[in-house]
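Student: According to the working numbering, the residues represented by the sequence shown are 20 to 95, in order.
The beta-carbon is built from N, C-alpha and C at its ideal position, and this holds for glycine as well.
If you scroll down you'll find the structure; I have some questions about it.
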Amino acid sequence: MPAYASPDDLRARARRLIPDGMSDEDLQVLLEDASVFLRATYPTIPESPDGLLASVLRVVTVAIVKRALLAEKNAE
């Protein structure tokens with residue numbers, strides 16, 4: 020199942036938090052993990068959200084990954 024956000028979405032909103040050399044493939048895995056978490060937590064999310072819901076899911080997915088990247092950066 021695809022992620023609710025793309026690596027480009029994440030780079031546009033969290034460029035400073037993304038470690039140098041982190042590939043789009045690595046970012047995609049993080050975004051997919053966040054999307055799976057959202058689907059498991061909120062099983063009523065439709066299979067193919069659109070409109071406002073799709074936008075909200077993109078923002079929340081990016082926020083989850085940003086928080087994970089920030090936590091990893093602070094752990095160094």
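Decide if Pro26 is buried, meaning its Cβ has at least 16 other Cβ atoms within 10 Å, or exposed.
Tutor: Answer is buried; the Cβ neighbour count reaches 16.
Student: Have a look at Ala24, Leu71, Ala31 and Leu36 and flag the residue whose alpha-carbon is nearest the alpha-carbon of Ala94.
Tutor: The option with the nearest alpha carbon to Ala94 is Leu36.
Student: Just the C-alpha distance for Ala33 and Pro21, rounded to the nearest angstrom, thanks.
Tutor: For Ala33 and Pro21, the distance between alpha carbons rounds to 20 Å.
Student: Over the uninterrupted alpha helix (DSSP H) stretch that includes Arg32, give me the two end residues.
Tutor: Note, Arg32: alpha helix (DSSP H), Pro26 to Ala33.
Student: Going by beta carbon distance, what residues of the same chain come within less than 8 Å of Lys85, once the five residues before and after it are set aside?
Tutor: Same-chain partners within the cutoff: Leu29, Arg32, Ala33 and Leu36.
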